[in-house]
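Let me begin by presenting the structure, written as C-alpha coordinates, before commenting on it.
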(Lines of atoms letter the chains of each structure in order from A and count residues from 1; the text may use other names and numbers.)
(Lines give C-alpha, C1' and ligand atoms only; values in the text may rest on other atoms or scores of the structure.)
Protein backbone atom coordinates (compact mmCIF):
# COMPACT_ATOMS: atom_id res chain seq x y z
CA UNK A 1 0.00 0.00 0.00
CA UNK A 2 1.40 3.39 -1.02
CA UNK A 3 0.55 6.60 0.85
CA UNK A 4 1.33 10.22 -0.03
CA UNK A 5 1.78 12.61 2.90
CA UNK A 6 1.36 16.34 2.23
CA UNK A 7 2.25 18.42 5.28
CA UNK A 8 4.27 21.65 5.46
CA UNK A 9 5.12 21.30 9.15
CA UNK A 10 8.46 19.50 8.79
CA UNK A 11 8.51 17.79 12.19
CA UNK A 12 4.99 16.40 11.77
CA UNK A 13 5.76 15.38 8.20
CA UNK A 14 8.78 13.34 9.31
CA UNK A 15 6.89 11.82 12.24
CA UNK A 16 4.13 10.65 9.90
CA UNK A 17 6.65 9.28 7.42
CA UNK A 18 8.51 7.29 10.06
CA UNK A 19 5.36 6.05 11.76
CA UNK A 20 3.64 4.84 8.60
CA UNK A 21 6.85 3.30 7.23
CA UNK A 22 7.24 1.35 10.48
CA UNK A 23 3.80 -0.16 9.84
CA UNK A 24 4.82 -1.39 6.40
CA UNK A 25 3.42 1.32 4.15
CA UNK A 26 5.32 2.71 1.17
CA UNK A 27 5.44 6.43 1.81
CA UNK A 28 6.15 9.51 -0.28
CA UNK A 29 6.10 12.94 1.29
CA UNK A 30 5.66 16.52 0.07
CA UNK A 31 5.78 19.78 1.97
CA UNK A 32 3.87 21.92 -0.53
CA UNK A 33 1.16 21.91 -3.19
CA UNK A 34 3.55 21.94 -6.16
CA UNK A 35 5.52 18.87 -5.05
CA UNK A 36 2.28 17.09 -4.18
CA UNK A 37 0.96 17.67 -7.71
CA UNK A 38 4.17 16.14 -9.09
CA UNK A 39 3.79 12.96 -7.01
CA UNK A 40 0.08 12.64 -7.81
CA UNK A 41 0.89 12.91 -11.52
CA UNK A 42 3.57 10.21 -11.63
CA UNK A 43 2.41 7.68 -9.05
CA UNK A 44 -0.70 5.76 -8.05
CA UNK A 45 -1.64 6.00 -4.38
CA UNK A 46 -3.96 3.97 -2.22
CA UNK A 47 -4.37 6.91 0.15
CA UNK A 48 -3.43 10.60 0.25
CA UNK A 49 -3.06 12.27 3.65
CA UNK A 50 -3.01 16.03 3.22
CA UNK A 51 -3.06 19.13 5.35
CA UNK A 52 -5.75 21.64 4.41
CA UNK A 53 -3.63 24.80 4.42
CA UNK A 54 -0.39 24.59 2.44
CA UNK A 55 2.09 27.41 1.81
CA UNK A 56 1.30 27.51 -1.91
CA UNK A 57 -2.15 26.00 -2.19
CA UNK A 58 -5.15 24.22 -0.74
CA UNK A 59 -5.44 20.59 0.31
CA UNK A 60 -9.11 20.57 -0.69
CA UNK A 61 -8.11 21.37 -4.28
CA UNK A 62 -5.59 18.52 -4.17
CA UNK A 63 -8.38 16.25 -2.97
CA UNK A 64 -10.39 17.12 -6.08
CA UNK A 65 -7.39 16.41 -8.33
CA UNK A 66 -6.83 13.02 -6.69
CA UNK A 67 -10.49 12.02 -6.96
CA UNK A 68 -10.70 13.09 -10.59
CA UNK A 69 -7.68 10.95 -11.36
CA UNK A 70 -8.75 7.90 -9.35
CA UNK A 71 -12.00 7.79 -7.40
CA UNK A 72 -10.75 4.71 -5.52
CA UNK A 73 -7.86 6.60 -3.91
CA UNK A 74 -8.83 7.51 -0.36
CA UNK A 75 -8.18 11.09 0.78
CA UNK A 76 -7.85 12.07 4.43
CA UNK A 77 -7.74 15.79 5.29
CA UNK A 78 -5.91 16.86 8.44
CA UNK A 79 -6.42 20.39 9.70
CA UNK A 80 -6.11 22.74 12.66
CA UNK A 81 -9.64 23.90 11.85
CA UNK A 82 -11.97 22.52 14.48
CA UNK A 83 -15.35 23.90 13.40
CA UNK A 84 -18.20 21.79 12.07
CA UNK A 85 -18.50 23.81 8.87
CA UNK A 86 -14.90 23.02 7.83
CA UNK A 87 -15.40 19.30 8.35
CA UNK A 88 -18.58 19.38 6.28
CA UNK A 89 -16.84 21.35 3.52
CA UNK A 90 -13.98 18.85 3.35
CA UNK A 91 -16.29 15.84 3.15
CA UNK A 92 -18.54 17.47 0.56
CA UNK A 93 -15.46 18.26 -1.53
CA UNK A 94 -14.69 14.54 -1.83
CA UNK A 95 -12.52 13.77 1.20
CA UNK A 96 -13.12 10.37 2.77
CA UNK A 97 -12.23 11.52 6.27
CA UNK A 98 -11.40 14.66 8.24
CA UNK A 99 -9.08 14.60 11.24
CA UNK A 100 -8.53 17.59 13.51
CA UNK A 101 -5.10 18.60 14.78
CA UNK A 102 -3.61 17.74 17.17
CA UNK A 103 -4.35 14.04 16.83
CA UNK A 104 -3.15 10.78 18.34
CA UNK A 105 -1.06 8.76 15.86
CA UNK A 106 -2.69 5.46 16.85
CA UNK A 107 -6.13 6.88 16.10
CA UNK A 108 -4.88 8.29 12.78
CA UNK A 109 -3.43 4.88 11.91
CA UNK A 110 -6.69 3.11 12.73
CA UNK A 111 -8.67 5.51 10.56
CA UNK A 112 -6.20 5.11 7.69
CA UNK A 113 -6.52 1.32 7.95
CA UNK A 114 -10.31 1.65 7.91
CA UNK A 115 -10.23 3.82 4.79
CA UNK A 116 -7.92 1.40 2.99
CA UNK A 117 -10.05 -1.57 4.05
CA UNK A 118 -13.20 -0.10 2.54
CA UNK A 119 -11.58 1.72 -0.35
CA UNK A 120 -12.70 -0.70 -3.06
CA UNK A 121 -10.79 -2.89 -5.44
CA UNK A 122 -7.60 -1.92 -7.28
CA UNK A 123 -7.81 -4.85 -9.70
CA UNK A 124 -7.26 -3.92 -13.36
CA UNK A 125 -9.38 -6.09 -15.68
CA UNK A 126 -9.03 -5.96 -19.46
CA UNK A 127 -10.52 -8.68 -21.70
CA UNK A 128 -9.45 -11.79 -19.80
CA UNK A 129 -6.41 -10.17 -18.21
CA UNK A 130 -6.64 -9.38 -14.48
CA UNK A 131 -3.85 -7.56 -12.63
CA UNK A 132 -4.16 -7.44 -8.84
CA UNK A 133 -1.63 -4.91 -7.44
CA UNK A 134 -2.50 -5.63 -3.80
CA UNK A 135 -1.66 -9.34 -4.08
CA UNK A 136 0.99 -8.98 -6.84
CA UNK A 137 -0.99 -11.44 -8.91
CA UNK A 138 -1.81 -11.74 -12.63
CA UNK A 139 -4.38 -14.02 -14.24
CA UNK A 140 -5.11 -14.54 -17.92
CA UNK A 141 -8.35 -16.37 -18.69
CA UNK A 142 -8.18 -17.90 -15.22
CA UNK A 143 -4.53 -18.99 -15.54
CA UNK A 144 -2.11 -17.47 -13.03
CA UNK A 145 1.02 -15.85 -14.48
CA UNK A 146 4.32 -15.84 -12.60
CA UNK A 147 5.53 -12.23 -12.78
CA UNK A 148 6.78 -10.50 -9.64
CA UNK A 149 8.86 -7.57 -8.44
CA UNK A 150 9.75 -4.63 -10.66
CA UNK A 151 8.47 -6.22 -13.91
CA UNK A 152 5.07 -6.61 -12.23
CA UNK A 153 5.15 -2.98 -11.07
CA UNK A 154 6.13 -1.75 -14.55
CA UNK A 155 3.29 -3.73 -16.14
CA UNK A 156 0.81 -2.43 -13.54
CA UNK A 157 1.87 1.19 -14.00
CA UNK A 158 1.60 0.98 -17.78
CA UNK A 159 -1.79 -0.74 -17.53
CA UNK A 160 -3.09 2.03 -15.27
CA UNK A 161 -1.92 4.60 -17.83
CA UNK A 162 -2.90 2.61 -20.90
CA UNK A 163 -4.04 5.70 -22.77
CA UNK A 164 -0.58 7.28 -22.46
CA UNK A 165 2.99 6.85 -23.68
CA UNK A 166 5.17 6.58 -20.57
CA UNK A 167 8.86 7.45 -20.76
CA UNK A 168 11.68 5.55 -19.05
CA UNK A 169 12.24 8.52 -16.76
CA UNK A 170 8.58 8.55 -15.72
CA UNK A 171 8.69 4.82 -14.97
CA UNK A 172 11.83 5.23 -12.88
CA UNK A 173 10.26 8.08 -10.87
CA UNK A 174 7.02 6.18 -10.39
CA UNK A 175 8.41 2.81 -9.33
CA UNK A 176 11.96 3.06 -7.97
CA UNK A 177 12.39 4.59 -4.52
CA UNK A 178 15.71 6.20 -5.50
CA UNK A 179 15.54 6.53 -9.30
CA UNK A 180 18.72 8.58 -9.43
CA UNK A 181 20.72 5.54 -8.27
CA UNK A 182 19.69 3.25 -11.13
CA UNK A 183 20.14 3.43 -14.90
CA UNK A 184 17.30 3.48 -17.45
CA UNK A 185 18.48 0.03 -18.59
CA UNK A 186 16.57 -1.51 -15.67
CA UNK A 187 13.36 -0.58 -17.51
CA UNK A 188 14.48 -2.51 -20.59
CA UNK A 189 15.26 -5.52 -18.39
CA UNK A 190 11.80 -5.34 -16.79
CA UNK A 191 10.05 -5.01 -20.17
CA UNK A 192 12.02 -7.98 -21.53
CA UNK A 193 10.94 -10.11 -18.55
CA UNK A 194 7.30 -9.18 -19.16
CA UNK A 195 7.61 -10.29 -22.77
CA UNK A 196 9.50 -13.50 -21.96
CA UNK A 197 7.47 -14.64 -18.95
CA UNK A 198 4.04 -13.46 -20.02
CA UNK A 199 3.59 -12.31 -23.61
CA UNK A 200 5.38 -15.13 -25.43
CA UNK A 201 3.89 -18.04 -23.44
CA UNK A 202 0.38 -16.56 -23.81
CA UNK A 203 0.91 -15.40 -27.40
CA UNK A 204 -0.24 -11.87 -26.58
CA UNK A 205 1.34 -8.42 -26.69
CA UNK A 206 1.03 -6.11 -23.69
CA UNK A 207 3.82 -3.55 -24.10
CA UNK A 208 4.56 -1.52 -27.22
CA UNK A 209 7.90 0.27 -27.57
CA UNK A 210 7.52 3.79 -28.95
CA UNK A 211 10.94 4.79 -30.25
CA UNK A 212 12.58 7.74 -28.49
CA UNK A 213 9.45 8.27 -26.38
CA UNK A 214 8.90 5.29 -24.10
CA UNK A 215 6.32 2.53 -23.76
CA UNK A 216 2.58 2.05 -24.14
CA UNK A 217 0.34 -0.66 -22.75
CA UNK A 218 -1.23 -2.05 -25.92
CA UNK A 219 -3.24 -5.11 -24.87
CA UNK A 220 -5.62 -6.10 -26.44
CA UNK A 221 -4.27 -4.29 -29.52
CA UNK A 222 -2.62 -6.50 -32.15
CA UNK A 223 0.10 -4.03 -33.10
CA UNK A 224 3.68 -5.19 -33.46
CA UNK A 225 5.34 -4.86 -30.04
CA UNK A 226 8.66 -3.93 -31.65
CA UNK A 227 7.23 -1.01 -33.57
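Residue numbers (our numbering): 130 to 356. The beta carbon of each residue, even a glycine, is placed where N, CA and C say it ideally should be. Predicted, not measured: the structure shown is a model, and the values here were computed from it.
(request) Quick one: residues in its chain with C-beta nearer than 8 Å to the C-beta of residue 142, no 5 flanking neighbours on either side, listed in chain order? (result) 134, 136, 158 and 160
(request) Work out the CA separation of residue 132 and residue 309 for me, nearest whole Å. (result) 21 Å
(message) What does the Cβ neighbour count give for residue 327, buried or exposed, with the cut at 16 atoms within 10 Å?
(response) buried
(request) Given a cut-off of 9 Å, decide if residue 330 and residue 255 are closer than it, judged by their beta-carbon atoms. (result) no
(message) I'd like to confirm the pairing. Which residues does DSSP put opposite residue 155 in its beta bridges?
(response) 131
(request) Leaving aside the five residues before and after residue 253 along the sequence, list all residues of the same chain whose C-beta is less than 6 Å from its C-beta, in chain order. (result) 260 and 288
(request) May I ask which residues mark the beginning and end of the alpha helix (DSSP H) holding residue 271? (result) Element bounds for residue 271: n/a, residue is neither H nor E.
(message) Can you find the residues in the same chain that come closer than 6 Å, C-beta to C-beta, to residue 165, ignoring five residues on each side of it along the sequence?
(response) 135, 159 and 191
(message) When you compare the CB positions of residue 304 and residue 283, do they come within less than 9 Å of one another, or not?
(response) yes
(request) Using DSSP bridges, identify the partner residues of residue 243. (result) Per DSSP, none; premise fails for residue 243.
(message) Are the CB atoms of residue 202 and residue 175 within a distance shorter than 9 Å?
(response) yes
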